[in-house]
Structures are given as structure tokens and as C-alpha cells.
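The structure under discussion appears below in the form of C-alpha cells.
There are 2 protein chains.
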Amino acid sequence: MGFNFKKSTTFRLAQAAKAQRSRSGAHLSRIGLHPGQEAVLKVLAESDGRTMSQLALALGVQPPTVTKMVTRLTSQGLVERQLAEHDGRLARVYLTEEGHERIQLVDRAWKRLEREALAGMDDKDRKKLRKLLRVIEKNLSSKMLEDDDDEEAEEASPQGDEAVNGAAVETQV
Amino acid sequence: MGFNFKKSTTFRLAQAAKAQRSRSGAHLSRIGLHPGQEAVLKVLAESDGRTMSQLALALGVQPPTVTKMVTRLTSQGLVERQLAEHDGRLARVYLTEEGHERIQLVDRAWKRLEREALAGMDDKDRKKLRKLLRVIEKNLSSKMLEDDDDEEAEEASPQGDEAVNGAAVETQV
DNA sequence: TGGATTTTGTTAGAAACCTAACAACTAATC
DNA sequence: GATTAGTTGTTAGGTTTCTAACAAAATCCA
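For the protein sequence lines, the chains are A and B, in the order given. Position one of the first sequence corresponds to residue 1 (the numbering used here), numbered consecutively onward. Position one of the second sequence corresponds to residue 1 (the numbering used here), numbered consecutively onward.
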């Protein structure tokens, strides 16, 4: 009956992230933000005046996404775009006064989400979880760079349909 | 300087999920699917003929999302809608022949993603990770039901700005 | 100096998601 | 039986996200 996706770690990760985004959205809507926008503000709070590319990198998002988000945040009066003087290509983004103020609300919402999400989890487990999530992130981002098409290596792999998570072999990769 | 979001577990989860979705998308595009569609097919493979609401629940998504996805999957010839006979409101969704065939490719893509994402992680850690993700999912979905506005309880909480995850120290990682 | 290349950002178009409002059908109650 | 209430799904409109194609500025280089 194929791959038992419901018990796969990737599916679990996707579902947990979906629930988190949903809950995050509930908090953010109360402070006039859409999910994703709060991260832009926080990244800028950390280091103001970043370029679009730098923002995209920090957010783990593609440049066009940043363009649209910054456009909307600008019309909301939370950030402003400013062209660099010595390099006409670079568009630097700065927090406005209102943007700075909003950060405090973002912090509160984020802390609340963190508390809700990790309820009943001790410090050791939280740390472990962060560490494991980092591993996944690293594994996948390095894959992205390779941009590999080593499909053949896999096509030839003689694993049965059931041999994935937990069951049977699965002795680390 | 506010909440150190970069080391928060929720941010790490969001970033890991983003990387995963991105990588997943790379695999799925090769088999003619968009991220999210593969889950619909898998859920139906598990139990064909579900209603829209049941699909939404299983996917962790809102009903309107299901409507659009099913519409597109239908025009791709992978599923088909069929109105229930004894209850004219219910729309049941079934996999087509082509849909069933596509499942095999989905399984391969998903297994590959699982392998890539969890590379270098032993069985014990994978299991632990799944378990912790489940906790988060459960914590947040129960919150959704409450639909609480117990903001006051939090407003009064006298935590300093830094006192969230693991607090202050947070060495390594 | 002037044209080709690279880098940076935006525009165009599409899909997955959301909430709010609506239509259609069933069930319940008088 | 007819009106009311509840359930199920869709439509409308918006945001985040993507890829592909484009414009503009800086750099390279002949």
C-alpha cells in the first residue's frame, strides 16, 4: 500500500509547520500583519538597511517574494525603500518609526507562540528539537546548491516500497 | 534587543519547513505536481471517496483550499468529484486511474526527500523528532479549538524580554 | 571608449493558502 | 407542510510563495 506518509518525518514536519503558521496567523492578524511579514520586520530590526537580496537570503525566500512583501509593508507604512547612492541597483530597506514600534507587538506574539507550541516540553527536548531541525535545514539547503539530477543512482536502488521510515532497514543514510 | 527569534524553536521550525517545501517542490515539479497536491493524492490513496471536509481535515487545510486544489487536480485528470446520492451537499473525491498511477511517483519523490532531509540522523533521533513535532502539532491544534482571547493572563506576565527559550545562555547550536 | 557579461531587482503569471460572504441542501420545529 | 436553523461546499478577494522573463545598473574587457 505504498509509502506510509503519515508516519514519515517530513510529513510530520510539514503538518507541524502548517499548524504553527496557522496559529501564528491568528496572533499576527490582531496586530495587523500577515504571516511572513513579521519576519521581515524582525530581520530588519536586527540589521536595518539590508538590500532585497540580503533580505531574501535571511528569510529563506526568493527575491520576487521580497519585492512584493516590501511593497506591501511600505504601503502599510512599516518600512521604506531607499536606493543606494553609489550603486543604483541596490534597494535598501529601512524600518520606519511605526515599524520599530510594531516590533514590540511582534515580539509578544512570537513569544506567546513559542510558549504555546512548546508547552509540556522540557529544555533538553527543546534544544534537541532545534538541533535536529537545523540538521534538516542544512541537509536540504546543501541539496539545493547541488541542483543535482543524480536520479539514476536512485532509480537503480533496489529498495522495496515499504523500506522507508522505521520499518525494515532504514539504518541511517 | 528584543526576542532572539533566530534561536527560537518556532523560527527554526518555520525555516526547516520552508527548505523542505522548496526541495519537495523541486522533486514534484518533475512529476507534474505542485507542493500540496501530492498530499491530496496520498490521502485519497489511503481512503478513496472522501468528502471535501474530510480532505480538509486530513490535510490540515481550510475547505476553500480543498475546493481549488480538487478543481485543478480534476482538470489534470488525477481525481474526480462525484456528488453523493443520499445527501446532495456532500462532494466525494475519487482518484482516477491516472491518479493511482501517479501515486507511485509521489512515493518515490517522498522517499527521496525523506532520505535527503534526514541524512546523518540515526533512528533514535528521527523517532524523537517525529515525537516532538507531534507535540507541537497537538499543542497548537488544541489552541485553535479554544479560539481563546485570554490575552490578559499574558499581558500581566512579568517576564523580561530575553526570558524565553532556554533563556539567556543557549550556548552551542 | 564601447559593447558584452554579470549582478540586482522588478514584473507577469500561477498555485497554495487564508477569511468572509454566499448558495444549496438537509434537518428540525412549529 | 412551511418556515427556521444547521451543515456542506463554493465563490470572491487577498497574501505569500514560486518560476520565468525582463529591465537597469555596474563591471569586464578588448
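Cβ coordinates follow ideal geometry from the N, Cα and C atoms, glycine included.
Give the DSSP-derived three-state secondary structure of B/E80 in the structure shown. It is a strand residue.
The region 6-18 of chain A: positions lying closer than 9 Å to chain B by Cβ: Against chain B - using a Cβ distance shorter than 9 Å - the residues of the region 6-18 of chain A are K6, K7, S8, T9, T10, F11, R12, L13, A14, Q15, A16, A17, K18.
Beta carbons nearer than 7 Å to chain B: which residues of the region 29-43 of chain A have them? The region 29-43 of chain A vs chain B, Cβ under 7 Å: K42.
Express the C-alpha separation of A/M69 and A/H34 in angstroms, rounding to a whole number. 10 Å
Excluding the five sequence neighbours on either side, which residues of its own chain have a C-beta within less than 8 Å of the C-beta of A/T96, listed in chain order? G77, L78, V79, E80
Can you tell which of B/H27, B/K128, B/V106 has the C-alpha that lies nearest to the C-alpha of B/E38? B/V106
Can you give the beta carbon distance from B/Q82 to B/Y94, rounded, assuming they're within the 8 Å contact cut? Contact between B/Q82 and B/Y94 holds: their C-beta atoms lie close to 6 Å from each other, under 8 Å.
State whether the region 124-141 of chain B contacts the region 14-21 of chain A, with contact taken as three or more CB pairs (one from each stretch) at a distance under 8 Å. yes
Does any C-beta atom of chain B lie closer than 9 Å to the C-beta of A/G99? No, A/G99 lies away from the interface with chain B (no Cβ there is under 9 Å from its Cβ).
A/R89: first and last residue of the uninterrupted beta strand (DSSP E) it sits in: Counting along the chain, A/R89 falls outside any beta strand (DSSP E), and DSSP gives it neither H nor E.
Interface positions of the region 93-118 of chain B facing chain A (Cβ-Cβ less than 7 Å), listed along the chain: Under the 7 Å Cβ criterion, the region 93-118 of chain B contributes I103, D107, W110, K111, R112, L113, E114, R115, E116, A117, L118.
Applying a beta-carbon distance threshold of less than 9 Å, which residues of chain A neighbour B/Q54? Per Cβ cutoff of 9 Å: no residues; B/Q54 is ~15 Å from chain A at best.
Would you decide whether A/R89 is buried or exposed? Buried here means 16 or more other CB atoms lie within 10 Å of its CB. exposed
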